[in-house]
Amino acid sequence: MIESLSNEKANMILQELQVECESLFEFQIQKVIPIHRGWLNLKWKLETDVGNFV
């Protein structure tokens, strides 16, 4: 059976994504918008100081 991710796990993944984006790509994330599409995928729209990313 496939389990959906809890909000706690999703927040941990988002925090890791923020740290990696800021350290590897050297941009600052200003706003994070969750995208609720797809099946068992976590997606966010990131608004940064260098542009928007999905």
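Under our numbering, the residues of the sequence shown are numbered 7 to 60, in order.
Every residue gets a Cβ at the ideal spot worked out from N, C-alpha and C, and that includes glycine.
Rounded to a whole number of angstroms, what is the C-alpha to C-alpha distance between residue i and residue j?
i	j	result
Leu20	Glu28	12 Å
Lys51	Arg43	12 Å
Gly57	Val25	17 Å
Met18	Trp45	19 Å
Specify the secondary structure class of residue i as computed by DSSP and reduced to three states.
i	result
Ile19	helix
Val38	strand
Asn47	coil
Starting from residue i and walking both ways along the beta strand (DSSP E), at which residues does that stretch end?
i	result
Phe59	Gly57 to Phe59
Using C-beta distances below 8 Å, list every residue in its chain close to residue i, excluding the 5 sequence neighbours before and after it, in chain order.
i	result
Thr54	Cys27, Phe33, Gln34, Ile35 and Gln36
By Cβ distance, which residues of its chain are closer than 7 Å to residue i, with the 5 residues on each side in sequence left out?
i	result
Phe59	Leu52
Ile39	Trp50 and Lys51
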